[in-house]
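Peer 1:
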Amino acid sequence: MQNNSAKDDSDEMEIIPSEHNGTSHDPKNEDSGDIHRAEENQKSNIDPNLYLYDDDLETRPHISTFISSIANYENTIPAATDPDAKPAAPSARMGTLIGVFLPCIQNIFGVILFIRLTWVVGTAGAVCGFLIVLTCCCVTMLTAISMSAIATNGVVPAGGSYFMISRSLGPEFGGAVGMLFYTGTTLAAAMYIVGAVEIVLTYMAPWASIFGDFTKDADAMYNNFRVYGTLLLIFMGLIVFVGVKFVNKFATVALACVILSIIAVYVGIFDNIHGNDKLQMCVLGKRLLKDIPIANCTKEDSFMRDIYCPGGKCEEYFLANNVTQVQGIKGLASGVFYDNIFPSFLEKGQFIAYGKNAVDIENTSGQSYNQIMADITTSFTLLIGIFFPSVTGIMAGSNRSGDLADAQKSIPIGTICAILTTSTVYLSSVLFFAGTVDNLLLRDKFGQSIGGKLVVANIAWPNQWVILIGSFLSTLGAGLQSLTGAPRLLQAIARDEIIPFLAPFAKSSSRGEPTRALLLTIVICQCGILLGNVDLLAPLLSMFFLMCYGFVNLACAVQTLLRTPNWRPRFKFYHWSLSLIGLTLCISVMIMTSWYFALIAMGMAIVIYKYIEYRGAEKEWGDGIRGMALTAARYSLLRLEEGPPHTKNWRPQILVLSKLNDNLLPKYRKIFSFATQLKAGKGLTICVSVIKGDHTKITNKAVDAKATLRKYMTDEKVKGFCDVLVAQQIGEGLSSVIQTIGLGGMKPNTVIIGWPYSWRQEGRNSWKTFIQTVRTVAACHMALMVPKGINFYPESNHKIGGNIDIWWIVHDGGLLMLLPFLLKQHRTWRNCKLRIFTVAQIEDNSIQMKKDLKTFLYHLRIEADVEVVEMNNSDISAYTYERTLMMEQRNQMLRALGLNKKENSKVDSQNDEKRNSIDLDGPENADTPETTSNKDESTEKADGDFKSSVKPDEFNVRRMHTAIKLNEVIVEKSQDAQLVIMNLPGPPREVRAERESNYMEFLEVLTEGLEKVLMVRGGGREVITIYS
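Going letter by letter, the sequence shown gives residues 15 to 1042 in our numbering.
1) With DSSP collapsed to three states, give me the class of residue 707.
2) Just to check my reading of the structure: residue 197 and residue 539 have Cβ atoms closer than 8 Å, yes? What is that Cβ distance to the nearest angstrom?
3) Just how far apart, CA to CA, sit residue 1023 and residue 989?
4) Thinking C-alpha only, which one of 114, 185, 159, 134 is nearest residue 628?
5) Please list the terminal residues of the continuous alpha helix (DSSP H) segment that includes residue 501.
6) Say whether the stretch 808-819 touches the stretch 990-1003, bearing in mind that this needs 3 or more beta-carbon pairs closer than 8 Å, one atom from each stretch.
7) Report the rounded CA-to-CA distance for residue 392 versus residue 401, giving the unit in angstroms.
8) Can you look up residue 922 in the DSSP assignment and give me helix, strand or coil?
9) Taking only the alpha-carbon atoms, compute the straight-line gap between residue 502 and residue 329 and give it to the nearest angstrom.
10) Does residue 541 pass the burial test, meaning 16 or more other C-beta atoms within 10 Å, or should it be called exposed?
11) List the whole-angstrom C-beta distance separating residue 237 from residue 305, where the pair is believed to meet the contact cut-off of C-beta under 8 Å.
12) Can you have a look at residue 434 and say buried or exposed, based on whether 16 or more other CB atoms are within 10 angstroms of its CB?
13) Please confirm whether residue 242 and residue 124 have their CB atoms less than 9 Å apart.
14) Quick one: using the 10 Å Cβ neighbour count with 16 as the cut-off for buried, is residue 317 buried or exposed?
15) Thinking C-beta only, is residue 154 closer than 9 Å to residue 588?
16) Where residue 479 and residue 280 are concerned, what is the direct C-alpha to C-alpha distance, given to the nearest angstrom?
17) Since I believe residue 208 is in contact with residue 543 (beta carbons under 8 Å), could you give me their beta-carbon distance rounded to a whole number of angstroms?
18) Using the C-alpha atoms, what's the distance from residue 460 back to residue 482?
19) Touching or not, the stretch 672-690 and the stretch 723-733, by the rule of three or more beta carbon pairs under 8 Å?
20) Terminal residues of the continuous beta strand (DSSP E) containing residue 8?
21) For residue 680, write down the residues that DSSP places opposite it in a beta bridge.
22) Which residue comes first and which comes last in the beta strand (DSSP E) that contains residue 229?
23) Does DSSP put residue 374 in a helix, in a strand, or in coil?
24) In this structure, how does DSSP classify residue 584 when only helix, strand and coil are distinguished?
25) Please list, in chain order, all residues of the same chain as residue 783 whose beta carbon is under 8 Å from its beta carbon, the five residues on each side excluded.
26) Hey, would you say residue 492 sits closer than 9 Å to residue 121, going by beta carbons?
27) Decide if residue 299 is buried, meaning its Cβ has at least 16 other Cβ atoms within 10 Å, or exposed.
28) Do residue 231 and residue 390 have their CB atoms nearer than 9 Å?
29) In the DSSP assignment, the beta strand (DSSP E) including residue 528 goes from what residue to what residue?
30) Under three-state DSSP, which class holds residue 301?
31) By Cβ distance, which residues of its chain are closer than 7 Å to residue 109, with the 5 residues on each side in sequence left out?
32) Note down, in chain order, each residue of its chain lying with its Cβ closer than 7 Å to the Cβ of residue 884, except the 5 sequence neighbours on either side.
33) Can you tell me whether residue 863 is helix, strand or coil according to DSSP?
34) I'd like the list of long-range same chain contacts for residue 132, defined as Cβ closer than 7 Å, with 5 residues on each side in sequence excluded.
35) In chain order, what residues of the same chain lie with their CB nearer than 6 Å to the CB of residue 606, ignoring the 5 residues before and after it?
36) For residue 650, is the classification buried or exposed, using 16 other Cβ atoms within 10 angstroms of its Cβ as the cut-off for buried?
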């Protein structure tokens, strides 16, 4: 006994961990012991302190594992790497200065600062020029605030505006803006290349022109830009393809050049505070001249007279005005600032001159001689578009978030400080240039009046070559960075698989480089170079960047207004109103700058958005648009909940109850087609199936059945939702679905349920479920539709002609009138004609009744033929008695024998062996009196206790008489109709098997001989009105 006790104790100790799982040890059951030992072996690696959660740890990660995976999460655009370089040791994470501030400075300062800012200041004046720069800086500052909020709301948005917008506004917006950002970056490379060529040809080596003297022909200048730009693009493309290592190192050199050049300009401005004599201009009257040596800048000089007095006849303006020499750089102390306060906008072809006097600026002679003319029409908004690329590049810090020690701290501080720094430089440069340089020289875009020199370079200290070389190298570096970053951005978009036609560009070469994306980038860049003009490229790429910045502001505003639980940015200095102001500024600047370029950018975004939406981007990033849709749906549902819809707004919100077969497939596919045709692609449809069983045991079956149901809905183009309910009893499940499905005002108001074709064979359970569902629908005040012969209904892609016959027996709220009208909205039924039949009683005036019905249809705006059927009050026929008697005998037989379901099915098959019933393939054919007689004989043979002499119940006889007489009239009038719609009689109030069985028999008799029948029962309210 002691040994046994000791053994029991040891066994008990062994199973202690398993007892926590609800198991117990039985010494007599060796198999159970083996199971316990196997479970303990599997759980031996679980901490003893966590045995309570041993089941969860098998499928859910431990906290330490989860936190580790989050800490090591990265989602960035892959950086450019040198495939030939040796693996470098892990570098220290970058801080705010190196990782964000300096890259933003490098990307923001660009070619426009050196070759266009002086022209912008001279053309717009100090005040408008200051506003132009301030507007552009405000756009980027507000965008930076919104970007900081998004970038500090977790680690997902790393990788620039594409990742931020796609994860905030969804794949459709993300794909559209990603392509805009890619296009803008590619065109920026084209602008940098053309700008670099302009610096070399115009200011460093004008002798290299291959199309003649470009100072006299603008087309020759732009052709030079195209040729040299193409050659430079090929060279830079080869560098990016082969020497990525050189590109990364050259970025440091380019940054140093930018900083040194700006410092040289500031030093030069104060060094020349009293001006200098480096730049002397020749002015005729108030007009600026070009290609005139200063030594020849006198009116009496033969050089001047040869130009303006050909053939001895001098030009009128030359005779009326003197020729003077004007100092170009006057210095801050000269007071020239007051001459540069007001704008000097010109039309194309007008002369550059002091003031706005028409005599000075208009070309009345038709010849330009050596006078400098405006090459484009200028305006405040155009100059915004030309200058705006100078403030882009604020995404450089967010692109490197994967390399930052603390991205959520560095990105806001570094980006905002970089914008403040560059904005200060730009705004101060506007004032300094306006206070240092003469107005005519500021407006001389290409420096033609001073021998093709760069104005900014001649202001700088110690000499012009500091700026020329520095600006060229910095522009070249910016172009290389764009050609390096754009292909990787395109590859990142392609790898997200939201734009299918970009799939080929997702692949990398054997060296890990996006070669295909690089080739496409070079092709697009070449298209930009062929424009040949920085003043055309700048507004175009401004549109793309403005679109991107606008969507960043929109993303922040949407997330803030929705107040989603996941919106918890570490950056707190943001507000939705600032984001909306930034969005408004972006849109306003786009439209003001160039409405046709804005339309191009918007059109491109819309096309990409609709394409992604059409192809169905299967991405769920928890974006704000879904949240916005949820908020809008909630608002609308709460509004609808305020009361029932008005009769004019009533429309069928359909609940389809689909029966599944043994393979969990819907029995009647065409019930979905019918729902689609009834909705004509509009409204809401919910499809539900009920499976018998225990949900905890057949969860997988329910999931599979729901997937199948969804597939059927997709195939039949049913717009709506589907679900599968698992219940112990089918009837109870259907009742629960009907009572609880839907939300608020979007609860279904119409139920479609299939006809139980095999109700005779399956016995009481079949018709009991059907009738219980009919009663539940009526109790919930919902409309009911029962399509009979559903497999003969037309497909949604077919067109049919013929008649839709409505047999209006009782008024049920006008649903019988509304349904055929809705069906005719679908292409399948559009060619069918409506015919309305109604039954006149003895005391009715058939003629007046028909007239009233036509008037009623006229007010309803429904076109239909009307016919009033007069039914004679005939005596009850012998066939009616015979049919009723057969029905009652069958019920008595089943009750007396007390058969179970299987025996009931056997008796049904024995008694109805010659009856043609509807099965899965279609509706049953009409019974004939001969078959009825045979059935009666077979019934009597089955049980001799029931005689045909038994008198049937008078209640049943009257109903059978009605069913037979109506069926005869309906078959006579509508046998060839494409669809017969009639009232569904109400189920018996008494819950008795005999009554319910008789009800099913009445419905069978009523619809005999009809191929396609739709039985309808209203929900107790008016659904159609004659009023507007």
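Yeah, the Cβ is synthetic: ideal placement off N, Cα and C, and Gly gets one too.
It should be emphasised that the depicted structure is a prediction, and the values quoted were computed from it without experimental measurement.
Peer 2: The answer reads as follows:
1) Three-state DSSP puts residue 707 in coil, outside helix and strand.
2) At roughly 10 Å, the Cβ-Cβ gap does not stay under 8 Å, so residue 197 and residue 539 are not in contact.
3) Each residue's alpha carbon lies about 7 Å from the other.
4) Selected option, being the one with the closest Cα: 185.
5) Segment 478-509, the alpha helix (DSSP H) holding residue 501.
6) The stretch 808-819 makes contact with the stretch 990-1003, as at least three CB pairs between them are under 8 Å.
7) Distance from the CA atom of residue 392 to the CA atom of residue 401, rounded to whole angstroms, is 13 Å.
8) For residue 922, the pLDDT reaches just 49, beneath the cut-off of 50, and the residue's location in the model is therefore unreliable, leaving the point undetermined.
9) Their backbone Cα atoms lie some 59 Å apart in a straight line.
10) With fewer than 16 other Cβ atoms within 10 Å, it is exposed.
11) Going by Cβ atoms, the distance from residue 237 to residue 305 rounds to 20 Å, so no, they are not a contact pair.
12) Taking all protein chains shown into account, residue 434 has fewer than 16 neighbouring C-beta atoms within 10 Å of its C-beta and is therefore exposed.
13) Using a Cβ distance threshold of 9 Å, residue 242 and residue 124 do not count as a contacting pair.
14) So residue 317 counts as exposed.
15) Taking C-beta atoms as the reference points, residue 588 and residue 154 fail to come closer than 9 Å.
16) Linking residue 479 to residue 280 through their CA atoms gives a straight-line distance of about 15 Å.
17) Rounded, the Cβ-Cβ distance is 6 Å, consistent with contact.
18) In this structure, the alpha-carbon of residue 482 lies about 14 Å from that of residue 460.
19) Touching, per the Cβ criterion.
20) Missing from the structure shown is residue 8; the chain here goes from 15 to 1042 and no further.
21) According to DSSP, which records beta bridges pairwise, residue 680 is partnered with 674.
22) Premise fails: residue 229 is in no beta strand (DSSP E) and is neither H nor E.
23) Looking at residue 374 - three-state DSSP - the assignment turns out to be helix.
24) In the three-state scheme derived from DSSP, where H, G and I count as helix and E and B as strand, residue 584 is classed as coil.
25) Correct list, in chain order: 744, 745, 748, 770.
26) The beta carbons of residue 492 and residue 121 sit closer together than 9 Å.
27) Looking at its Cβ environment, which holds 16 or more other Cβ atoms inside 10 Å, residue 299 is buried.
28) No; because the gap between Cβ atoms is not below 9 Å, this pair is not in contact.
29) Careful: residue 528 lies outside any beta strand (DSSP E) and carries neither H nor E.
30) The three-state secondary structure of residue 301, taken from DSSP, is strand.
31) The answer, listed in chain order, is 419, 424.
32) If the five residues before and after residue 884 are omitted, its C-beta is found closer than 7 Å to the C-beta atoms of 854, 860, all from its own chain and listed in chain order.
33) Helix at residue 863.
34) The residues are 447, 451, 456, 469, 470.
35) Apart from the 5 residues on each side of it in sequence, residue 606 sits with its Cβ closer than 6 Å to the Cβ of 395 in its chain, given in chain order.
36) With fewer than 16 other Cβ atoms within 10 Å, it is exposed.
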